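Numbering (the working numbering), first residue to last: 540 to 634.
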(Lines of atoms letter the chains of each structure in order from A and count residues from 1; the text may use other names and numbers.)
(Lines give C-alpha, C1' and ligand atoms only; values in the text may rest on other atoms or scores of the structure.)
Protein backbone atom coordinates (compact mmCIF):
# COMPACT_ATOMS: atom_id res chain seq x y z
CA UNK A 1 0.00 0.00 0.00
CA UNK A 2 1.35 3.46 -0.85
CA UNK A 3 2.02 5.98 1.89
CA UNK A 4 -0.86 8.08 3.14
CA UNK A 5 -0.73 11.86 3.14
CA UNK A 6 -3.19 14.29 4.66
CA UNK A 7 -4.95 16.67 2.25
CA UNK A 8 -7.32 19.46 3.25
CA UNK A 9 -10.47 19.98 1.24
CA UNK A 10 -13.59 22.05 1.92
CA UNK A 11 -16.48 19.67 2.51
CA UNK A 12 -20.05 19.80 3.78
CA UNK A 13 -19.91 18.66 7.42
CA UNK A 14 -23.63 17.80 7.37
CA UNK A 15 -23.05 15.37 4.47
CA UNK A 16 -20.11 13.81 6.28
CA UNK A 17 -22.13 13.43 9.49
CA UNK A 18 -24.94 11.61 7.62
CA UNK A 19 -22.55 9.17 5.94
CA UNK A 20 -19.72 8.70 8.46
CA UNK A 21 -18.76 5.35 9.96
CA UNK A 22 -16.58 5.80 13.06
CA UNK A 23 -14.33 2.77 13.50
CA UNK A 24 -13.29 1.70 16.98
CA UNK A 25 -10.90 -1.05 18.01
CA UNK A 26 -13.45 -3.83 17.47
CA UNK A 27 -16.55 -2.31 15.88
CA UNK A 28 -17.88 0.97 14.58
CA UNK A 29 -20.76 3.35 15.06
CA UNK A 30 -22.96 5.43 12.78
CA UNK A 31 -22.41 9.16 13.12
CA UNK A 32 -25.94 9.89 11.94
CA UNK A 33 -28.05 7.83 14.36
CA UNK A 34 -25.35 6.74 16.86
CA UNK A 35 -26.00 3.01 16.27
CA UNK A 36 -23.22 1.02 17.99
CA UNK A 37 -21.57 -2.32 17.27
CA UNK A 38 -21.42 -2.06 13.47
CA UNK A 39 -18.91 -4.32 11.72
CA UNK A 40 -16.90 -1.58 10.01
CA UNK A 41 -15.06 -4.12 7.85
CA UNK A 42 -18.22 -5.15 6.00
CA UNK A 43 -21.10 -2.70 6.55
CA UNK A 44 -22.07 -0.69 3.47
CA UNK A 45 -24.89 1.08 5.31
CA UNK A 46 -26.19 1.52 8.85
CA UNK A 47 -28.42 -1.38 9.95
CA UNK A 48 -30.59 1.03 11.99
CA UNK A 49 -31.09 4.20 9.89
CA UNK A 50 -30.08 2.79 6.49
CA UNK A 51 -27.68 5.63 5.60
CA UNK A 52 -25.00 4.58 3.14
CA UNK A 53 -21.45 4.95 4.46
CA UNK A 54 -19.21 7.11 2.25
CA UNK A 55 -16.63 8.15 4.86
CA UNK A 56 -14.75 6.46 7.67
CA UNK A 57 -12.86 7.88 10.66
CA UNK A 58 -11.21 6.44 13.74
CA UNK A 59 -10.35 7.62 17.22
CA UNK A 60 -7.24 5.43 17.10
CA UNK A 61 -4.12 5.40 14.95
CA UNK A 62 -4.88 2.29 12.88
CA UNK A 63 -5.39 4.22 9.66
CA UNK A 64 -3.52 1.87 7.29
CA UNK A 65 -5.21 -1.23 8.73
CA UNK A 66 -8.68 0.31 8.39
CA UNK A 67 -7.91 1.72 4.93
CA UNK A 68 -6.86 -1.78 3.78
CA UNK A 69 -10.18 -3.20 5.00
CA UNK A 70 -12.26 -0.35 3.53
CA UNK A 71 -10.58 1.12 0.43
CA UNK A 72 -14.06 2.08 -0.85
CA UNK A 73 -14.51 4.75 1.85
CA UNK A 74 -12.95 8.21 2.09
CA UNK A 75 -10.89 8.49 5.26
CA UNK A 76 -11.72 11.55 7.39
CA UNK A 77 -9.48 12.80 10.20
CA UNK A 78 -11.64 12.37 13.31
CA UNK A 79 -10.17 15.35 15.16
CA UNK A 80 -10.80 17.65 12.18
CA UNK A 81 -14.37 16.34 11.94
CA UNK A 82 -15.05 16.88 15.67
CA UNK A 83 -13.66 20.41 15.52
CA UNK A 84 -15.75 21.40 12.48
CA UNK A 85 -18.92 19.76 13.85
CA UNK A 86 -18.38 21.50 17.19
CA UNK A 87 -18.19 24.90 15.48
CA UNK A 88 -21.51 24.28 13.73
CA UNK A 89 -23.19 23.19 16.97
CA UNK A 90 -21.81 26.25 18.80
CA UNK A 91 -23.17 28.57 16.10
CA UNK A 92 -26.59 26.93 16.51
CA UNK A 93 -26.62 27.81 20.20
CA UNK A 94 -26.12 31.52 19.60
CA UNK A 95 -28.16 32.12 16.43
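All residues carry an ideal CB built from backbone N, CA and C; glycine is no exception. For clarity, every value in this text was computed on a predicted model and none was experimentally measured.
On a Cα-Cα basis, can you pick out the residue from the options that is closest to residue i?
i, options, result
"residue 598", "610, 557 and 570", "570"
"residue 591", "603, 555 and 621", "555"
"residue 582", "550, 609 and 541", "609"
"residue 542", "621, 602, 578 and 612", "602"
"residue 546", "630, 615 and 579", "615"
"residue 600", "613, 617, 574 and 630", "617"
Quick check on the burial criterion: 16 or more other C-beta atoms within 10 angstroms. Buried or exposed for residue i?
i, result
"residue 565", "exposed"
"residue 562", "buried"
"residue 588", "exposed"
Less than 7 Å between the C-beta atoms of residue i and residue j, yes or no?
i, j, result
"residue 567", "residue 560", "yes"
Item to check | Three-pair Cβ contact test at 8 Å for the region 575–594 versus the region 544–560 | outcome: Touching, per the Cβ criterion.
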